[in-house]
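Using our numbering, the first residue of the sequence shown is number 2, and each one after it goes up by one. In this text, a Cβ means the ideal position worked out from N, Cα and C, and glycines have one as well. All figures in this text were calculated on a predicted structure; none of them were measured in a lab.
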Amino acid sequence: MTELSRIRNFSIVAHIDHGKSTLADRLIQMTGTVAERDMKDQLLDSMEIERERGITIKANTVRIEYPAQDGQTYVLNLIDTPGHVDFAYEVSRSMRAVEGSLLVVDATQGVEAQTLANVYQAIEADHEIVPVLNKIDLPAADPERVKAQIEDVIGLDASGAIPISAKTGLGIPDVLEAIVHRLPAPKGDRDAPLKAMLVDSWYDPYLGVVVMIRVMDGVIRKGDRIRMMQTGATYGVDRLAVLKPAMVDIPELGPGEIGVLTASIKQVRDTRVGDTITHEKRPCDRPLPGFKPSVPVVFCGLFPVDASDFEALRDAIEKLALNDASFTYEMETSAALGFGFRCGFLGLLHLEVVRDRLEREYDLDLITTAPSVVYHVHMRDGSVIELHNPADMPDLTHVDHIEEPRIKATILVPDDYLGDVLKLCQDRRGIQLELTYAGSRAMVVYDLPLNEVVFDFYDRLKSVTKGYASFDYQLIGYREDNLVKMTVLVNEEPVDALSMMVHRDRAELRGRAMVEKLKELIPRHMFKIPIQAAIGGRVIARETISAMRKDVTAKCYGGDVTRKKKLLEKQKAGKKRMRQFGKVEIPQQAFINALKMDG
């Protein structure tokens, strides 16, 4: 049991690659939380995919015991958060469980778009923020310029910013002292009824569902009966532990502490992130305000390559959704692909990560359909339909107009590349809102259609700016535009997995790119196959795959030419009949490659 005055809960926030996970490693190492032989880089990034890509995806927690210079021993609960815009929900959730933040800024690169987004989340959660300047040992570091930038762009007092190098360990003791003396202790009443927030949960094959909690009031002990206030389910606590990254059992958790519990929870859907946990016999009077549910912005279908894997996919998706609260799913069927799920994500990187995790952790082979966003279809009778999948588009005679989601994108870019960035945004139907300068870097704010950003905007932005631009966005609402559904027909049969929503002005380009790509991907058959892209009844692009031919005239030598003609006519009639009844086999790989198109 730790006194409240000696607990500090804090998170580390920063832009991608500014050194959050490395700083967490040094804090763990300096306090001897993990033995030297067990230390490795990015210790808290436990998933294989995190280590491979070098990014943090899940916010991870560790409890550190630190003997401070004033002779007291403090308990520090550290949450290392992701930096990517796609995992902003992880960040906002972690913020609610702690009272302070370390803001890490790279002393060579300064303030980036995602630094701003993450800091604003910390300010919204009413945090005490301590700025830390990392990579101070690099020759390009310019701490004074970056301090001025923090004050200008974010409006935080940076006079007390701590210069460190997370790689070499320089300045880490100052960070530990600042955590103890500059961040506030948590508040809470030990004698009040139990009130704890469910911060995260994940599935463990040995322990079942593991739940991470932050206790606000009261005490939770091993053997207590607890109730989840949202679902009303009750459980007995089997085990309480704190994470030092490995689980260490403890008898009780008091106010201000962060720990994990297991309670033989069998059903994955009983633990909802943001739920309030209380005692069954002596409940608290009202639940904590939960988190705003995340709003998925990108949708795509996930289908098993082998239809018999559908149940395995359902099981895997349920377990994964438990560990990732920002991921939503519902069942759907497709004529071309069979049974699968329509899934919602916070962005394309999120989509890739979820797909990779399903394939690796649960050993599945998946097909992903083209990513799309949610459109609002306004009907003539005044009703509004939310369109997640372009294949479900209602009959156009009943449609009044279609609205698409728009985003406000903030791009920070060095002056040399500004022209390329403006051109890219104009090409994507963007509307410029403002253009300001912070030193030699321009900050451009654009109103863009989300549909254009989803496909490959981020990759294009990185390539035209040689990786120097940083990008962050938020949804600002819906606006009407001239949108149409483009259908792809193979042998005059529509293929629903390939239909997509496009702007009328760009439909022809997209259609032509799609049919040209399919012509290369679909193998030849015994009859010729037309591939068409159409809007309603109007074909806008067409390619034809020629038929494989058998030389039926090989046995004719000499004699009258009519003998040859007769055989060729017969073959032609056969091909025609074949084309009427023939089925075109589209290989799975062709779907996957066609959907990776980049107009």
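Contact defined as beta carbons within less than 8 Å: I believe residue i pairs with residue j. What is the distance between those atoms, to the nearest angstrom?
{"i": "residue 406", "j": "residue 374", "result": "5 Å"}
{"i": "residue 212", "j": "residue 244", "result": "That pair is no contact at about 12 Å."}
{"i": "residue 103", "j": "residue 13", "result": "5 Å"}
{"i": "residue 264", "j": "residue 302", "result": "At roughly 35 Å, the Cβ-Cβ gap does not stay under 8 Å, so residue 264 and residue 302 are not in contact."}
{"i": "residue 106", "j": "residue 132", "result": "7 Å"}
{"i": "residue 346", "j": "residue 305", "result": "Contact flag wrong, Cβ pair sits at about 18 Å."}
{"i": "residue 376", "j": "residue 502", "result": "6 Å"}
For residue i, does the count of other Cβ atoms within 10 angstroms reach 16, so buried, or fall short, so exposed?
{"i": "residue 96", "result": "buried"}
{"i": "residue 578", "result": "exposed"}
{"i": "residue 150", "result": "buried"}
{"i": "residue 10", "result": "buried"}
{"i": "residue 560", "result": "exposed"}
{"i": "residue 70", "result": "exposed"}
{"i": "residue 434", "result": "exposed"}
{"i": "residue 75", "result": "buried"}
{"i": "residue 202", "result": "buried"}
{"i": "residue 506", "result": "exposed"}
{"i": "residue 115", "result": "buried"}
{"i": "residue 249", "result": "exposed"}
{"i": "residue 24", "result": "buried"}
{"i": "residue 1", "result": "Only positions 2 to 600 of the chain appear in this structure, which leaves residue 1 out of reach."}
{"i": "residue 20", "result": "buried"}
{"i": "residue 312", "result": "exposed"}
What separation, rounded to the nearest whole angstrom, lies between the Cα atoms of residue i and residue j?
{"i": "residue 137", "j": "residue 274", "result": "38 Å"}
{"i": "residue 101", "j": "residue 189", "result": "16 Å"}
{"i": "residue 495", "j": "residue 533", "result": "9 Å"}
{"i": "residue 529", "j": "residue 500", "result": "22 Å"}
{"i": "residue 359", "j": "residue 73", "result": "46 Å"}
{"i": "residue 546", "j": "residue 353", "result": "32 Å"}
{"i": "residue 443", "j": "residue 414", "result": "5 Å"}
{"i": "residue 220", "j": "residue 66", "result": "21 Å"}
{"i": "residue 134", "j": "residue 369", "result": "41 Å"}
{"i": "residue 246", "j": "residue 420", "result": "47 Å"}
{"i": "residue 485", "j": "residue 356", "result": "29 Å"}
{"i": "residue 554", "j": "residue 569", "result": "7 Å"}
{"i": "residue 290", "j": "residue 164", "result": "37 Å"}
{"i": "residue 125", "j": "residue 118", "result": "11 Å"}
{"i": "residue 145", "j": "residue 130", "result": "19 Å"}
{"i": "residue 171", "j": "residue 27", "result": "10 Å"}
{"i": "residue 511", "j": "residue 314", "result": "32 Å"}
{"i": "residue 509", "j": "residue 541", "result": "6 Å"}
{"i": "residue 473", "j": "residue 389", "result": "23 Å"}
{"i": "residue 539", "j": "residue 488", "result": "10 Å"}
{"i": "residue 458", "j": "residue 431", "result": "12 Å"}
{"i": "residue 363", "j": "residue 316", "result": "9 Å"}
{"i": "residue 62", "j": "residue 286", "result": "29 Å"}
{"i": "residue 168", "j": "residue 22", "result": "10 Å"}
{"i": "residue 402", "j": "residue 381", "result": "8 Å"}
{"i": "residue 45", "j": "residue 330", "result": "Caution is warranted here: a pLDDT of 49 is assigned to residue 45, below 50, making its placement in the model unreliable, and the coordinate value is therefore given only provisionally. Each residue's alpha carbon lies about 28 Å from the other."}
{"i": "residue 492", "j": "residue 448", "result": "40 Å"}
{"i": "residue 466", "j": "residue 416", "result": "10 Å"}
{"i": "residue 158", "j": "residue 148", "result": "9 Å"}
At what residues does the beta strand (DSSP E) containing residue i begin and finish?
{"i": "residue 335", "result": "329–335"}
{"i": "residue 427", "result": "Where residue 427 is concerned, there is no enclosing beta strand (DSSP E), although the alpha helix (DSSP H) it sits in stretches over 419–428."}
{"i": "residue 487", "result": "484–491"}
{"i": "residue 131", "result": "129–135"}
{"i": "residue 413", "result": "400–415"}
{"i": "residue 377", "result": "376–380"}
{"i": "residue 544", "result": "539–546"}
{"i": "residue 66", "result": "61–68"}
{"i": "residue 499", "result": "From DSSP, residue 499 is part of no beta strand (DSSP E); its letter is neither H nor E."}
{"i": "residue 279", "result": "277–280"}
{"i": "residue 235", "result": "235–237"}
{"i": "residue 476", "result": "471–481"}
Please list the terminal residues of the continuous alpha helix (DSSP H) segment that includes residue i.
{"i": "residue 150", "result": "144–150"}
{"i": "residue 646", "result": "The first residue shown for the chain is 2 and the last is 600, placing residue 646 beyond what the model contains."}
{"i": "residue 388", "result": "Note, residue 388: premise wrong, no alpha helix (DSSP H); beta strand (DSSP E) at 385–388."}
{"i": "residue 212", "result": "Note, residue 212: premise wrong, no alpha helix (DSSP H); beta strand (DSSP E) at 209–218."}
{"i": "residue 263", "result": "Premise fails: residue 263 lies in the beta strand (DSSP E), 259–263, not in any alpha helix (DSSP H)."}
{"i": "residue 113", "result": "Looking at the DSSP string, residue 113 is not in any alpha helix (DSSP H), and its letter there is neither H nor E."}
{"i": "residue 29", "result": "21–31"}
{"i": "residue 518", "result": "508–522"}
{"i": "residue 14", "result": "Run containing residue 14: none in the alpha helix (DSSP H); it sits in the beta strand (DSSP E), 8–15."}
{"i": "residue 354", "result": "349–362"}
Please confirm whether any heavy atom of the ligand SAH lies closer than 8 Å to the CB of residue i.
{"i": "residue 432", "result": "Of the ligands one can find in the structure shown there are none, so the ligand SAH has no counterpart to examine."}
Quiz item: Do three or more CB pairs link the region 239–259 to the region 204–220 at distances below 8 Å?
Solution: Enough Cβ pairs lie closer than 8 Å, so yes.
Self-check item: the region 186–204 contacting the region 279–291, beta-carbon criterion three pairs below 8 Å
Solution: In this structure the region 186–204 touches the region 279–291; the number of beta carbon pairs closer than 8 Å is three or more.
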